[in-house]
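In what follows, a structure is listed as structure tokens, so that the remarks can point back to it.
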């Protein structure tokens, strides 16, 4: 497929504009150049090993990911420092974590004392040191212990159990989609104060805190320069989408799903061959790119009906149209490949890991 | 994995209760036994070749599907009659259709005169007869020509072009989710009157109409007995989901996503390791099965936070819980495998085609 015009691809197909992907990466890399904090981009968003490797080449100190199988793929691809930001529990998954910890430095998020004990036992059994970071809830109300005493108690337990305590992490996800401005900066700094305060508390116990990981695409410039923070976990910045872009205007949406007009039996409606199995509507409907007067009415399972607000809009059966991805983190995994396109020509076919 | 208790599977994982799947299939098969109309279940919902073959063994006259690649898999699996319900357009896809038409009888839906002409040209080039059914809009306002003159004109064109015109289809999808009762029956019959009226009009032109295909899980008992209808395309009945079940009470939801409680750092909240990448929220949030007092708050990308309405609900980190699938047609394709379970034991691992 390399070298053909994008319009000749069979649809529905996921397409990324490589000029924009590279500009997004360059912008993030330039920001962290020379700063105390570094970037450790998240793999869960794009799931493409070649892109993770490009991020390392651009200066990332490692990769963050959300699943054990992602750790495996990243380790095999040669990534040497991998932060598993989602808690792993249970005998089999923890044993797998120990196996993978022989292939790369895997930093596993923990927020539970019993899991810490289990990990320590498995590390001893497997004779493999396990690296942990204590996950701290910065107000998202999802995973993570509360800042302060709870965080330092869990760090102490990890050390006492014989695990390699490496530091702490938090994800202020509830603040990413605030509009840019002073109010957002204030809220993010307040959240990070709790994170860095926990670091100080743990260090007062005599336990070194090497890693303080946090941040997303929507606040990287604030979280990435907050004193005490050592790394930023942003992932969305690379591919970006139209839903996130207003809250992270430094990065441009790169993704579209190319679809074919398969039906036009009424003057005011077309139907394309992409539905919820090809593009996410979980955070709002996608929009039609590049042609005025077209409004996506709904996402069905296998189709999307599109209303022609302008009944003279020049679209006919057989035409290919681009739907701008509004929620990339719910769309990329729907596909097996992503087509990297430059100036309309397919330059690279990326395998999306599953 | 066969033979192990379902609770030992790594999560998140898609699980189907085989007793219920078989009961759903038996019910649909029994309904069509001895009736003039037959059933041709849709593959798009489950994407499992082994289940399509079981449907054939249970009396299905063939399989319906939505994509060319599905035609390919079904043909290779030995299915001899395949109805492609979604319009296919464009040179490459139509050439592929011609190739696949050598492997099985493929009935392709058409609703456009130019596409009919293209198909006829390609059929001649490839020296392969192509079978078409004219798709008729029964009020869903998606694909399909209008009933009556437009339908008969397209049938005539297909015949004149030298295609094998086999019949007509329509999908009264807008009526599937009406509550069962007299009003639904009236609306479905009115829609089918337009379909069968089109059949009569085409036959008056001297063109035999062998196939009249329509219907879904929500109206199979009405559409499957309407005079003139020859087959029913229902797909959802097999796996079913909690969103559809109230509108199709003859079939039981079979699917859940097994997830692990990975975090419980506050008394009133747990977090499980399944988000929008494992279970669809496109038609409403899933619910927690089998444990009272738990309410799924949201689907994040990789997690779901669950509120404990009953703070004494017996759930702890490491426990596995089942999320009832509320929209199976948006969930199955998120997985590579589906685990068929009977009385808590994994009996069969199904490959989901992609």
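Protein chains in written order, with our numbering: chain X, 1 to 354; chain D, 1 to 354. Quick reminder that beta carbons are idealized off the backbone N, C-alpha and C, glycines included.
(request) Consider the Cβ of residue 299(X): report whether some Cβ of chain D lies at a distance smaller than 9 Å. (result) yes
(request) Might you give, ordered along the chain, the residues of its own chain that have their beta carbon closer than 7 Å to the beta carbon of residue 23(X), omitting 5 neighbours on each side? (result) 252
(message) Taking the straight line between their C-alpha atoms, what separation do you get for residue 5(D) and residue 91(D)?
(response) 49 Å
(message) Within 8 Å, do at least three Cβ pairs link the stretch 138 to 145 of chain X to the stretch 189 to 209 of chain X?
(response) yes
(request) Taking the CB atoms as reference points, tell me whether residue 112(D) and residue 133(D) lie closer together than 9 Å. (result) no
(message) Within 10 Å of its beta-carbon, does residue 204(D) have 16 or more other beta-carbons around it, so buried, or fewer, so exposed?
(response) exposed
(request) May I ask you to list, following chain order, the residues of the stretch 136 to 152 of chain D that have a beta carbon less than 8 Å from some beta carbon of chain B? (result) Looking for chain B here will not work: the only protein chains present are X and D.
(message) Using only CA atoms, which one of 55(D), 225(D) and 59(D) lies nearest to residue 74(D)?
(response) 55(D)
(request) Taking residue 131(D) as part of the beta strand (DSSP E), name the residues at either end of that continuous run. (result) Residue 131(D) -> beta strand (DSSP E) spans 131 to 136.
(message) Quick test of your reading: residue 321(D) and residue 259(D), contact by CB under 8 Å. State the CB separation rounded to the nearest angstrom.
(response) 6 Å
(message) Out of 52(D), 40(D), 80(D) and 269(D), which one is the CA nearest neighbour of residue 230(D)?
(response) 40(D)
(message) Just to check my reading of the structure: residue 83(X) and residue 213(X) have Cβ atoms closer than 8 Å, yes? What is that Cβ distance to the nearest angstrom?
(response) 6 Å
(message) To be precise: take each residue of the stretch 49 to 82 of chain X, compare its Cβ to all Cβ atoms of chain D, and keep it if any distance is under 7 Å. Which residues remain?
(response) Those would be 66, in chain order.
(request) Could you spell out the range, first to last residue, of the beta strand (DSSP E) harbouring residue 268(D)? (result) First-last for residue 268(D): undefined, no H or E at that position.
(request) Take residue 296(D) as the anchor and find which of 223(D), 275(D) and 100(D) has the nearest alpha-carbon. (result) Per the Cα distances, 275(D).
(request) With distances taken Cα to Cα, identify the nearest neighbour of residue 225(X) among 184(X), 115(X), 185(X) and 37(X). (result) 37(X)
(request) Give me whichever residues DSSP pairs with residue 107(X) in a beta bridge. (result) Residue 107(X) is bridged by DSSP to 83(X) and 131(X).
(request) Can you check DSSP and say which residues form a bridge with residue 341(D)? (result) Answer by DSSP bridge pairing, in chain order: 17(D) and 346(D).
(message) To be precise: take each residue of the stretch 318 to 343 of chain X, compare its Cβ to all Cβ atoms of chain D, and keep it if any distance is under 8 Å. Which residues remain?
(response) For chain D, the residues of the stretch 318 to 343 of chain X that bring a beta carbon within less than 8 Å of one of its beta carbons are 318, 329, 330, 333, 334 and 336, in chain order.
(request) Would you kindly check if the distance between the Cβ of residue 331(X) and the Cβ of residue 280(X) is under 9 Å? (result) yes
(request) Could you work out which residue in 145(X), 323(X) and 171(X) is closest to residue 294(X) when comparing CA atoms only? (result) 323(X)
(request) For residue 112(X), decide whether its Cβ has a neighbour in chain D, counting only Cβ atoms nearer than 9 Å. (result) yes
(message) When you compare the CB positions of residue 235(D) and residue 45(D), do they come within less than 9 Å of one another, or not?
(response) yes
(message) What would DSSP say about residue 359(D), mapped onto helix, strand or coil?
(response) The structure shown does not extend to residue 359(D), since chain D is modelled only from 1 to 354, so the question has no answer here.
(request) Give the single residue among 248(D), 43(D), 263(D) and 105(D) whose Cα lies nearest to the Cα of residue 110(X). (result) 263(D)
(message) I'd like to know whether the C-beta of residue 232(D) is nearer than 9 Å to at least one C-beta of chain X.
(response) no
(message) In this structure, how does DSSP classify residue 320(X) when only helix, strand and coil are distinguished?
(response) strand
(request) Assuming residue 316(X) contacts residue 261(X) (C-beta within less than 8 Å), just tell me the rounded distance between them. (result) 7 Å
(message) Applying the 10 Å Cβ sphere with the 16-neighbour rule, what's the burial state of residue 2(X)?
(response) Exposed is the call here.
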